[in-house]
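J.:
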Amino acid sequence: MLKTEGIVLSEIRFKETSKILNIYTKKYGKIPVMARGAYKPKSKLIATTQPFSYNEYILHKGRNFYYLNQGVVIDPFYNIRENIKRFAYGFYILELIEKSIPEEEENERLFLLLEKSLRILSNIDEEFLKFIVAFELKYISFLGYRPYIDSCVICNNNHNLNMKFSNSEGGIICSNCFSIDPGGKSIDMLTIKVMKKLLFTPLDSLNSLETPVNILMKLHNILEEYILYNIDRKEFNSLNLLKSITDDI
Ligand SMILES: [Zn+2]
-18 MLKTEGIVLS EIRFKETSKI LNIYTKKYGK IPVMARGAYK PKSKLIATTQ PFSYNEYILH
42 KGRNFYYLNQ GVVIDPFYNI RENIKRFAYG FYILELIEKS IPEEEENERL FLLLEKSLRI
102 LSNIDEEFLK FIVAFELKYI SFLGYRPYID SCVICNNNHN LNMKFSNSEG GIICSNCFSI
162 DPGGKSIDML TIKVMKKLLF TPLDSLNSLE TPVNILMKLH NILEEYILYN IDRKEFNSLN
222 LLKSITDDI
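-18 is the number of the first residue of the sequence shown in this note's numbering; add one for each residue after it.
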């Protein structure tokens, strides 16, 4: 028997009444969990097998899956599911975590970031884009790819106003070094400055930051590609939903 806190990333139906979940746990990282009978109307597992919900679990390990024996809700994060924008941004957060992390690799820092992000998201009514760009920066940093934006990654030059963001170099490069990554995306000084602020400001203190929407859109665009590059994926399904409900992304 294993005991751990976890957050449900996704669910799929299995046979008539069961669910296979992907749960991001504090102790064991991302694990596949079979919740037998979770679709039965009177199942005790209904609340603790919903995406976004944060629970304490008792599990046991089988050959292909972990099996869910018992769950106690810590926070259901109902507010996320009650608002289409919160839901769509939250769905993107869950997909980012699910797609980038190998199974059974513990990362408590990332777990705490996920938990904190869902808690903050469940109370947001506006400025979603600022929140999500700050999340993207922290998330990719915790995976080990913090973008280097103090000076040119290659030659350390910081007096050149003509900069690009390079996915392959993991940061900004100056015009002397453009040939190293011809696919770099132009990035101006103000955008770099906003990126730095969002990287170092805690998620629960973002209210104090003034951030123009056009710069946030540019940053999201750069980060989406930077994240996909580093986790070796082509696209995020959840962004299609987001794009259909907001013009910001
Ligand atoms: Zn350079």
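Cβ coordinates follow ideal geometry from the N, Cα and C atoms, glycine included.
(1) Pair every Cβ in the stretch 67 to 81 with every Cβ in the stretch 137 to 152, then say whether three or more of these pairs are closer than 8 Å.
(2) Are there 16 or more other CB atoms within 10 angstroms of the CB of G41, so buried, or fewer, so exposed?
(3) Taking 8 Å as the cut-off, does the stretch 21 to 28 touch the stretch 110 to 118 (at least 3 CB pairs, one atom from each stretch)?
(4) In chain order, what residues of the same chain lie with their CB nearer than 6 Å to the CB of E(-14), ignoring the 5 residues before and after it?
(5) How would you write the range of the alpha helix (DSSP H) that F72 sits in, first residue to last?
(6) Write down the C-beta distance between Y120 and L94 rounded to the nearest angstrom, noting that I regard them as a contact closer than 8 Å.
(7) Using 7 Å as the cut-off, classify the Cβ of N138 as near or not near the heavy atoms of ligand 1, replying yes or no.
(8) So which of L204, Y9 and C155 has the shortest CA-CA distance to C136?
(9) Going along the chain, which unbroken runs of the alpha helix (DSSP H) with 4 or more residues stay wholly within the stretch 121 to 207?
(10) Taking DSSP as the reference, what is the three-state secondary structure of E85?
(11) Can you check whether the CB of I55 is closer than 8 Å to the CB of D185?
(12) By the DSSP assignment, the alpha helix (DSSP H) with K224 in it spans what residues?
(13) Could you pull the start and end residues of the beta strand (DSSP E) that Y59 belongs to?
(14) Taking the alpha-carbon of I4 as reference, which of L49, I230 and E(-3) has the nearest alpha-carbon?
(15) In this structure, does DSSP put K25 in helix, strand or coil?
(16) Hey, would you say the C-beta of N157 is under 7 Å away from at least one heavy atom of ligand 1?
(17) Can you list, in chain order, the residues of its chain whose CB lies under 7 Å from that of S132, leaving out five sequence neighbours each side?
(18) Is I130 near ligand 1, going by C-beta to nearest heavy atom under 7 Å?
(19) If distances are taken between C-alpha atoms only, which option among I196, L190 and Y70 comes closest to I168?
(20) From the DSSP output, read off the bridge partner residues of K0.
(21) State yes or no: is the C-beta of I230 nearer than 7 Å to some heavy atom of ligand 1?
(22) In its own chain, which residues sit with a C-beta less than 7 Å from the C-beta of S98, not counting the 5 before and 5 after it?
(23) So is the beta-carbon of I168 under 7 Å away from any non-hydrogen atom of ligand 1?
(24) Here's the rule: buried if 16 or more other CB atoms are within 10 angstroms of the residue's CB, otherwise exposed. What is L190?
T.: In this structure, then:
(1) no
(2) It is His, not Gly, that sits at residue 41 in the sequence shown. Answer is exposed; the Cβ neighbour count stays below 16.
(3) no
(4) K7 and E37
(5) I65 to S81
(6) 7 Å
(7) yes
(8) C155
(9) DSSP assignment within the stretch 121 to 207 yields the following whole alpha helix (DSSP H) runs of 4 residues or more, N-terminal first: 170 to 181.
(10) coil
(11) no
(12) N218 to I226
(13) Here Y59 belongs to no beta strand (DSSP E); instead the alpha helix (DSSP H) covers Y59 to R62.
(14) L49
(15) coil
(16) yes
(17) N138 and N139
(18) no
(19) I196
(20) R(-6) and A16
(21) no
(22) I74, F116 and L184
(23) Not so, every heavy atom of ligand 1 lies at least 7 Å from the Cβ.
(24) exposed
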